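*Asks:* In UniProt numbering, the protein residues as written are 1 to 196.
Think of the CB as a built atom: it goes at the ideal place given N, C-alpha and C, for glycine as much as any other residue.
On a predicted model such as this, the values are computed, not experimentally measured, just so you know.
Take a look at this one; I'll ask things after.
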């Protein structure tokens, strides 16, 4: 068996780029075209424009394959658009420091990945930039509406999630994943069908 050895064009460890001193969190997709490199004949976004104001909530609704997850991938710079721009507070995100850009976002994916660790450790995993306190974890769990359930368990926050979160229901896994995203106090929270 041969694995496909492909290198990303975007270096996640690049420490160059602008770090915004102050940020509101306004996002704009301006006339964006996109196709995945592995499927160059399939256009995902065409002349896509959208403004997301920091003062509100924006929801993308559409059928499977319509580009909802792709917009999140573009915003986090896992890919760059073929045409158009993605802007954060008027700055093209290509000019921003990629590590900083990703650090200001919290992401909850469609299928949350939990580790065979305690609930506490799974939530703490959301911010490896500092020492996470029990208070931080409980605050995030309260915001994700899972704290009361956790403290009702015999081992509380030390309860094992099991392999791939197998000891928990789908909704419980989602809420723990939301708490993990919230523990870093992100400026921008991205939910990719996390409420399904």
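#1: Helix, strand or coil for residue 64 per DSSP?
#2: When you compare only the Cα positions, how much space is there between residue 67 and residue 141?
#3: According to DSSP, simplified to helix, strand and coil, what is residue 102?
#4: Looking only at DSSP bridge pairs, what is residue 85 linked to?
#5: Which of helix, strand or coil does DSSP assign to residue 91?
#6: What does DSSP give as the partner residue(s) for residue 18 in the beta ladder?
#7: To test your reading of the DSSP string, which unbroken alpha helix (DSSP H) runs of 4 or more residues are found completely within the region 124 to 171?
#8: Cα separation between residue 90 and residue 20?
#9: What is the residue span of the beta strand (DSSP E) that residue 51 lies within?
#10: Determine the burial state of residue 213: buried for a count of at least 16 other Cβ atoms within 10 Å of its Cβ, exposed for fewer.
#11: Taking Cβ to Cβ, would you say residue 33 is nearer than 8 Å to residue 63?
#12: Taking 8 Å as the threshold, find out whether the region 166 to 179 comes into contact with the region 108 to 120 through three or more Cβ pairs.
*Replies:* This is what the structure holds:
#1: coil
#2: 30 Å
#3: helix
#4: 30
#5: strand
#6: Its beta-bridge partners are 96.
#7: Counting only unbroken stretches of 4 or more residues, the alpha helix (DSSP H) elements lying wholly within the region 124 to 171 are 134 to 143, 147 to 152, in sequence order.
#8: 11 Å
#9: 43 to 52
#10: Outside the displayed range of the chain (1 to 196) lies residue 213, so it cannot be described from this structure.
#11: Contact flag unset, no.
#12: yes
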